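To start, the structure itself, in structure tokens.
Numbering (the working numbering), first residue to last: 14 to 1192.
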């Protein structure tokens, strides 16, 4: 069969097989070219119409969502000839190892091989033949070789083989006393072995020798619209066309030197084409990562013209030996698979391997990968993948021609799901800047939008349940499938594609629930509806291409149609199936102008390098178009000087560049027509990018984007709707931009900036009433743009309008977090639990009853789930309302609320409003003095033995240890049953922790509240105050002879695996190949993406003490001491590794990465202190 059990778990590993990647310091908002926005709802003093040079651009038309299949390994039930899926040849001369083979994979000596392993229902009569002579045996099986004959004139041996075993069997066959020809010597091998299977279980009739595929292939792929052939891409070492598997090769499981035996090479492309042609399915091929341009060219020629079985034709043929893809079928082309996943060799290849980014930038100082001077390891790695994917597209264009590209030939580009590790951002912004000259610099002579090179892009679309650890299948389905966060994740992926005019595609997806209960659920009849529901979520997000697999859609290939997930595919792809309507983006009126406030964006991001004047902010607006029409796009903007320019892009293509009017003020605007375009129904985008600015100023200040049907003079911008009687609006805390609020047609639109609602003081915009006594506030959040993943829109109860006031809030964030957060006392710290993941629209509620405040969330406003509750010392009269913060104090963001209800005793009359604060910096709390030489935080892992997740030992922490996905598997991340690790006279106690676990990390947040011992180290709520010195120590031990990472990392985010990944500036430990020189492993210091090796080797099973000194300053100094000889006093005079960096170092949590499997490393005695002696105490 074609295996359906190999899952490539997108989204987990990055360099070193972990999800935690360095901060990209080049994303600093050093230069605001479009933002800050002024109040998008201010009255426009004067409106003039400026008409830019207009042109009409062909938009990216959305298609009906479709579901395809990712076929896995060609296995027993796929080919009629069992030899096509056989294993490798073994020696039969008493020695071990592979037998020598010729160019077509046939042995040149006596040899044996497994023809299959683990196949069942294989009984029946097989037709057997080969060229040459041999003595044949079938050890360990019931096989009977009958009627063996040799024809010397044709040099062919024939026989029948009767196989009577019906259960799971292994079939091994030996060929001894071989003679390749009638005159060859003995032990010279044989060729062209054929073993045609019985046409059905137990049959005495074999398949005809002219047949290729069993009928089960056609039955299995019937419900799907296209077929992805990914298997054999991972670990593929093919460089030259001669490396590929041909149709006449001995097996379609060809192995090249260094290939992984699990996948090997891809099967012959001719077979892929034949399956697509025979079944009238669109074809989806994956190009090996190392393939050179000649290989890629020949592959394109094979698909266009066919081949002779070895080489492609270079022009149309009347009677090709192997036909090309039918001209009516679409061709999808992907460059490699999961280039970010270090489980596979291609990730290593592209990072620092033979085609690696590191080699590229070392050898080519003018490489496109560093066009902006950014050499961050992860950034250039993602760019390297994107650049090579674009190259594949260009090569296919050179063969198929312009007319076929994008319409029929559809190149694809992918990233980690949900833009994990900024993979989408790094790939797409790079390609747009460089190949579309979008940063205002002429990198290429003929720029093109990304939609010229790629048809689609996206990530994986696997779905899970709300409780993957459910004890029973019933519990699994009862928890909800897909999970609550699924829709939000899909929305994120499709948005990134549509910002750049790409169709939204998922290279893999469907059932992603693993384990015993997950496997049972996958074949449960209810799984059919689960896949249909997930596909509808995909459709709501504007997704188009949804690929099922590779996780098993079926168990029995012969009975594929009986499985629920396959039945779901048949339903989804049926002509009468109507997927769920689009539910993403700003709905555009087909008959009247649509006004979109500047801060009502979908995504806001800075340029790749804020220090360059022609790289500015980029703000995207997703449009939900219902009717095909020509629409005019206008921008309302103003500035205090001339010279500002804004590029206006529709679906990623430049519509025009407009000049920002000099209105003499940042609060008056003029409307400029950018151009007209045709939009078809579906999801589209308008992106505004600053491309020029006056000397010393911003490009301009935006007010509105206007989308109007037809053409003509842009309409006047309507006055904002006043808030309902009794509601007030003001900024809270030291905001960077003045906020506002309006009310129209039952919707509150609240616009605010603010750094956060968190820590000891808040900055946000608040719409509120004063209420005495018990109260309930309910709202549905319908919109919140993505200024930052941790922006917030919520309902709030607050003791006062001061920035540090005690408060309770139930909020939604673009990350999907929807939860209860609390500050119990004025100027106290802020806490929240693990946030459930949700998608908009989302209902939120707070209830005050006496001194108790309780938080609820709901998907429908009827069925509510409690997410938190606590007791407050609120005054009798409190402030209750709607809160929005951008989590970026220089940016305004709009959140929309409808169905707002406020119950309680409202204070009559107009309350006195605290004046809107003047924008400024957040006040720094008075630090708590720390005595010299004190220990600030530590963990000796003195809790009970068992899973590390949830352990709370030690002091100076803000929560328990958290293992990604809340994993509690043992072995895995765990606290050992043994006593502490030891080093010299170092004071130790308790136990120690061990790791790791496949694709998982563990972490713990430090106490960075204003009253914590870290307070004097804090800047903006994170550890990193200039002028301070901090010491960190830990015991580390590598327990396995592998290159897996073992490290302690300092992270700039709190540990929250469900809401996005933290990122690391500094780490100590062992970092795989980056810490390995000449085969010797060395303990190392890692700063940003650079690893600094010490001269102290890693000894397997031997504990090492690592002590890190950080001197925080404008130029930070870092010194690592490994296995110091003296403890408890002064530090050694010289460090084992040291460096300086101007990169801002700030952190608030730690992560322990223990390796990609259990029992690979150990960690103990993590300490933070003010001196060397504090972190190296002695017994």
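Don't be surprised by glycine CBs; every beta carbon is placed ideally from N, CA and C.
Since we're looking at a predicted model, the values are computed, not measured.
- By the Cβ-count criterion, residue 1035 is buried, with 16 or more other Cβ atoms from all chains shown falling within 10 Å of its own Cβ.
- Within the model, the alpha-carbon separation for residue 413 versus residue 287 is close to 19 Å.
- Assignment of beta strand (DSSP E) within the stretch 1105-1169, counting only whole runs of 3 or more residues, yields 1117-1124, 1129-1135, 1150-1154, 1162-1166 in chain order.
- Put simply, the stretch 956-965 touches the stretch 978-995. At least three CB pairs are less than 8 Å apart.
- Sixteen is the threshold: since fewer than 16 other Cβ atoms of the shown chains lie within 10 Å of the Cβ of residue 152, the residue is exposed.
- Counted as a single uninterrupted DSSP element, the alpha helix (DSSP H) harbouring residue 535 occupies residues 528-535.
- In this structure, DSSP gives residue 1004 a state outside helix and strand, which the three-state scheme calls coil.
- In the structure shown, residue 361 falls within a helical segment according to DSSP collapsed to helix, strand and coil.
- Ranking 864, 822, 889 by CA distance to the CA of residue 857 puts 822 first.
- Listed in chain order, the alpha helix (DSSP H) elements of length 4 or more contained wholly in the stretch 460-522 are 463-466, 486-492, 499-512.
- Residue pairing by DSSP places residue 427 opposite 471 in a beta bridge.
- A Cβ-Cβ separation of about 16 Å leaves residue 98 out of contact with residue 219 under the 8 Å criterion.
- One alpha carbon belongs to residue 202, the other to residue 1170, and they sit about 42 Å apart.
- Contact annotation, residue 549 with residue 592: C-beta distance approximately 6 Å; criterion of less than 8 Å satisfied.
- Looking at the DSSP output, residue 805 bridges to 898.
- A distance of 8 Å or more separates the beta carbons of residue 714 and residue 612.
- Residue 410: member of the alpha helix (DSSP H) spanning 390-413, first to last residue.
- Here residue 234 is near residue 292, since their CB atoms are less than 8 Å apart.
- Your pair residue 970 and residue 1015 does not check out as a contact, with CB atoms roughly 13 Å apart and the cut at 8 Å.
- Within the DSSP bridge table, the entry for residue 948 names 1182 as partners.
- Rounded to the nearest angstrom, the Cβ distance from residue 486 to residue 534 is 5 Å, consistent with a contact under 8 Å.
- The continuous stretches of alpha helix (DSSP H) do not include residue 244, and DSSP gives it neither H nor E.
- Between the alpha carbons of residue 78 and residue 555 lies a gap of roughly 8 Å.
- In the three-state reduction of the DSSP assignment, residue 234 falls in the helix class, which pools H, G and I.
- DSSP, read as helix, strand or coil, puts residue 86 in coil.
- By the criterion of at least three beta-carbon pairs nearer than 8 Å, the stretch 151-169 is not in contact with the stretch 79-86.
- Going by C-alpha positions, residue 482 is about 38 Å away from residue 389.
- Counting only residues of its own chain and dropping the five nearest sequence neighbours on each side, residue 1114 has a CB closer than 8 Å to the CB of 1050, 1051, 1052.
- In the three-state DSSP reduction, residue 373 falls in the helix class (H, G or I).
- By the neighbour-count criterion, in which a residue is buried when 16 or more other Cβ atoms sit within 10 angstroms of its Cβ, residue 263 is buried.
- Between the beta-carbon of residue 354 and that of residue 382 there is about 20 Å, and that puts the pair past the 8 Å contact cut.
- The Cβ atoms of residue 393 and residue 349 lie no closer than 8 Å to each other.
- Contact annotation: residue 920 and residue 890 have beta-carbon atoms nearer than 8 Å.
- The continuous stretches of alpha helix (DSSP H) do not include residue 278, and DSSP gives it neither H nor E.
- Per DSSP, the beta-bridge partners of residue 1089 are 1094.
- In the DSSP annotation of this structure, the continuous segment of the alpha helix (DSSP H) that includes residue 448 starts and ends at 436-448.
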